[in-house]
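Engineer: Can you keep this structure in mind? I'll have questions shortly.
In our numbering, the protein residues as written are 1 to 405.
Have a look at this one:
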């Protein structure tokens with residue numbers, strides 16, 4: 001009696017699974033559509049998160065850039081995956097309708113003579129073939145989700161330790177690379193270890209083995225590489241202008257030649273994003289007062305004390321103002337004429353909560369026409385391996401033109 005009950009239960013489970021497999025296209029399309037809707041919102045959030053790490057937490061530019069590229073790559077790759085899947089389902093739906101309208105397929109005798117002697121696929125056969133392709137395409141990202149999820153959790157913990165303990169980035173980078181090498185050696189080892197046995201029984205390894213054994217050893221790999229290649233333009237687009245948030249370098253030549261107005265003028269700026277360097281209200285000023293804003297970087301706070309103690313002589317030789325706060329690291333010029341700043345006021349921008357310094361500048365003496373605003377900045381540059389500091393004066397930390405009417 002018990003055997004009959006178990007057999008019946010197994011048959012019911014198999015029937016349920018078969019019915020679910022036949023109707024898998026419904027959850028596939030729903031999941032792909034909803035996921036894509038979220039994925040097209042994420043890049044801006046990732047960009048702002050990476051900038052937040054630099055400006056508010058004090059994370060260095062290089063690790064923030066790595067985080068930006070890593071997360072943007074994940075989002076872009078999955079965008080391509082799900083777009084491909086939806087396109088295939090679109091074709092599948094068309095073939096499904098074709099198989100309903102013309103179930104017998106091609107009627108050779110009604111074709112032109114040149115095309116009558118060939119064998120054509122039946123609509124039902126094409127639907128079944130494409131159904132398999134669609135399901136395979138949708139299932140493939142599952143294995144990548146597990147990889148990226150594990151990798152992201154580990155990377156998040158590592159970045160957390162790096163920020164919490166104020167580690168040198170070289171140490172964090174070394175730990176990361178060593179862990180990758182150890183993991184690779186454990187997987188590539190010919191010896192059948194406990195780790196390899198455990199990993200082979202995991203969902204990630206099983207999915208990968210299913211694809212390799214059914215599609216071919218290299219088919220799945222080539223497919224993934226092609227997806228990554230197609231994702232490159234999206235990655236480049238989603239990381240544009242991020243180099244402007246690199247606090248320790250002058251503005252690049254291409255950024256001087258083709259300046260981004262939305263990064264320097266509030267009137268053309270997206271209120272949901274942060275300013276990288278200095279900015280004013282509008283490109284064209286019609287009064288005699290200029291309100292200059294400068295983005296604050298948390299990392300600058302760490303060097304004020306060292307500058308005042310170890311580099312006092314160098315500061316005097318540069319005739320720099322006394323350093324009381326990070327705003328004092330900046331020196332402003334208009335048409336290469338130094339502009340004395342009596343005081344800086346502190347503010348937060350409403351939407352992004354970005355910390356900025358502001359100062360009022362009298363421009364009544366300027367003639368009508370175009371003028372160049374330049375900002376110098378004083379910083380300490382540390383070695384990648386050691387912690388030795390070098391004083392650098394970035395004479396073109398920011399540079400843009402405005403027009404006085």
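The beta-carbon is built from N, C-alpha and C at its ideal position, and this holds for glycine as well. Just so it is clear, the structure is predicted and the values come from calculations on it, not from any experiment.
(1) State the CB to CB distance for the pair residue 395 and residue 278, rounded to an integer number of angstroms; the pair is presumed to be in contact (CB under 8 Å).
(2) Can you name the start and end residues of the beta strand (DSSP E) that residue 120 belongs to?
(3) First and last residue of the beta strand (DSSP E) that includes residue 399?
(4) Using 8 Å as the threshold, is the C-beta distance between residue 400 and residue 259 below it?
(5) Quick one: what's got a C-beta closer than 8 Å to residue 34's C-beta in the same chain, skipping five residues either side?
(6) Between 364, 360, 295, which has its C-alpha nearest residue 377's C-alpha?
(7) Taking the alpha helix (DSSP H) that residue 408 falls in, what are its first and last residues?
(8) Name the DSSP beta bridge partners of residue 442, please?
(9) On a CA-only basis, which of 153, 90, 48, 38 is nearest residue 76? Give me that one, please.
(10) Relative to the C-alpha of residue 228, which candidate in 200, 81, 335, 242 has its C-alpha closest?
(11) Can you list, in chain order, the residues of its chain whose CB lies under 7 Å from that of residue 284, leaving out five sequence neighbours each side?
(12) Would residue 349 and residue 326 be called neighbours here (beta carbons separated by less than 8 Å)?
(13) Can the beta-carbon of residue 207 be found less than 8 Å from the beta-carbon of residue 142?
(14) Below 8 Å between beta carbons: does that hold for residue 176 and residue 186?
(15) Would you tell me roughly how many angstroms separate the C-alpha atoms of residue 413 and residue 192, rounded to the nearest one?
(16) Roughly how many angstroms lie between the CA atoms of residue 346 and residue 356, to the nearest whole one?
(17) Quick check on the DSSP output: the alpha helix (DSSP H) that includes residue 337 runs from which residue to which?
(18) Measuring straight from C-alpha to C-alpha, what distance separates residue 411 and residue 167?
(19) Of all the options 270, 121, 281, which has the alpha carbon lying nearest to the alpha carbon of residue 99?
Structural biologist: Taking the coordinates as given:
(1) For the purposes of this step, residue 395 is taken as the residue at position 395 of the chain shown. For the purposes of this step, residue 278 is taken as the residue at position 278 of the chain shown. Contact doesn't hold; Cβ gap of about 14 Å is too wide.
(2) As a first step, residue 120 must be located in the chain shown, where it is residue number 120. Note, residue 120: premise wrong, no beta strand (DSSP E); not H, not E.
(3) On the chain shown, residue 399 is found 399 positions in, with the first residue counted as 1. Residue 399 -> beta strand (DSSP E) spans 389-404.
(4) Taking the first residue of the chain shown as 1, we reach residue 400 at position 400. Taking the first residue of the chain shown as 1, we reach residue 259 at position 259. Going by C-beta atoms, residue 400 is nearer than 8 Å to residue 259.
(5) Residue numbering aside, residue 34 sits at position 34 when the chain shown is read from its first letter. Excluding residues within five positions, none has a Cβ falling inside 8 Å.
(6) Taking the first residue of the chain shown as 1, we reach residue 377 at position 377. Nearest C-alpha to residue 377: 295.
(7) For the chain, the structure presents residues 1 to 405; residue 408 sits outside this window and is missing.
(8) The chain is shown only over 1 to 405; residue 442 falls outside these bounds and no answer can be derived.
(9) Against the chain shown, residue 76 aligns to sequence position 76. Looking at the Cα atoms, 38 is the closest of the given residues.
(10) Stepping through the chain shown from its first residue, residue 228 is reached at position 228. Ranking the options by Cα distance to residue 228, first place goes to 81.
(11) The residue you call residue 284 lines up with position 284 of the chain shown. Hits under 7 Å: 403, 405.
(12) Along the chain shown, one-based indexing puts residue 349 at 349. Along the chain shown, one-based indexing puts residue 326 at 326. Not a contact, by the Cβ cut-off of 8 Å.
(13) To locate residue 207, count along the chain shown from 1; it is residue 207. To locate residue 142, count along the chain shown from 1; it is residue 142. Contact flag set, yes.
(14) Looking up residue 176 in the chain shown gives position 176. Looking up residue 186 in the chain shown gives position 186. No, Cβ-Cβ distance for residue 176 and residue 186 is not below 8 Å.
(15) Because the chain here runs from 1 to 405, residue 413 falls outside it and cannot be looked at.
(16) The sequence position of residue 346 within the chain shown is 346, counting from 1. The sequence position of residue 356 within the chain shown is 356, counting from 1. Approximately 6 Å, taken between the alpha carbons.
(17) What you label residue 337 is simply residue 337 of the chain shown in a count that begins at 1. It is not in any alpha helix (DSSP H) - residue 337 instead sits in the beta strand (DSSP E) that spans 337-339.
(18) Only positions 1 to 405 of the chain appear in this structure, which leaves residue 411 out of reach.
(19) Within the chain shown, numbered from 1, the residue matching residue 99 stands at position 99. The shortest C-alpha separation from residue 99 is found at 121.
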